[in-house]
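Quick notes on the structure that follows.
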């Protein structure tokens, strides 16, 4: 903030916030690049700093500014110690990778919050407007999502123009039925799609939410988030009509994949790292224990 620095996440430090006037991170933000202070007592900028002379007696600091998607520095990713340390260029590269991961997670959270806000706004619109084609047109224009409408009894469907355009079918006619929808779903995602839908239709879930891949006209796959709810019921209590939206979340999935790769693969060689190794080793040990098989590790 303008007058304070607060710790969104921290390990090994009990302080929750400090004044910007004595903050080390303020200097890193001003420099707009990594700040390395191997011995604070020998640095004129920090030798008389209250955080050096008193609790927590900082003797070492390294901070890397965190830049969001708009290239604004919103904070730092930093490490500190109570004794001086030598910090190599390799150490700095490692810290930069961790800082990038932290920023990607923050960006991913921001995207998810934005998507959640849009969906909440769409829910409000749906509840406020009458059941008509104009309602869905308004929802599409307001949120930018594709809209679908399923008649459970006849299996007939309505796909909005935006729904089709997201997949590249804008100028191509699609058969308006449930079977068409199923035919476009990736085979690895089909079971969870159907299960989530059935849970909603049989009142096991109030809303229908599922992430899956749909086949585009150019034969590529696009990740979408589909949300829906039953809006009409038959006299016997079974679902009659269901409506919902789908949103393109391909960029979010790509960010998640990048984060996973950064966490499990070496950035320089592209080879699996130690974390991936131990995950795989634990997996193999579980299999060995269950099947009473032999396991050997060669290195």
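Residue numbers (my numbering): 27 to 325.
For glycine and all other residues, C-beta sits at the position ideal for the given N, C-alpha and C.
Taking all protein chains in view, the Cβ of residue 226 is crowded by 16 or more other Cβ atoms within 10 Å, so the residue is classified as buried. CA-CA distance, residue 92 to residue 102, rounds to 5 Å.
For residue 177, the uninterrupted beta strand (DSSP E) segment begins and ends at 172-177. DSSP places residue 51 in the helix class (H, G or I) of the three-state scheme. The three-state secondary structure of residue 90, taken from DSSP, is strand. Just so you know, the alpha carbons of residue 126 and residue 117 end up roughly 14 Å apart. Beta-bridge partners assigned by DSSP to residue 183: 176. Look at residue 237 here: in three-state DSSP terms it is strand. The alpha carbon of residue 43 has as its nearest neighbour, out of 50, 82 and 31, the alpha carbon of 31. According to DSSP, residue pairing for residue 106 in a beta bridge involves 87. Each residue's CA atom was taken as its position, placing residue 55 and residue 301 some 31 Å apart. When the five nearest sequence neighbours on each side are left out, the beta carbons in the same chain lying within less than 7 Å of the beta carbon of residue 200 are those of 185, 190 and 206, in order along the chain.
As computed with DSSP, residue 82 is found in no beta bridge at all. With contacts defined by Cβ atoms closer than 9 Å, residue 208 and residue 267 do not form a contacting pair.
Restricting attention to beta strand (DSSP E) runs no shorter than 3 residues, the region 243-284 encloses them at 247-259 and 265-274, ordered along the chain. By the neighbour-count definition (other C-beta atoms within 10 Å, threshold 16), residue 152 is a buried residue. For residue 44, the enclosing beta strand (DSSP E) begins and ends at 43-45.
In this structure the region 296-312 does not lie against the region 211-220, because fewer than three pairs of beta carbons, one per stretch, are closer than 8 Å. Assignment of residue 210 by DSSP, reduced to helix, strand and coil, places it in the coil class.
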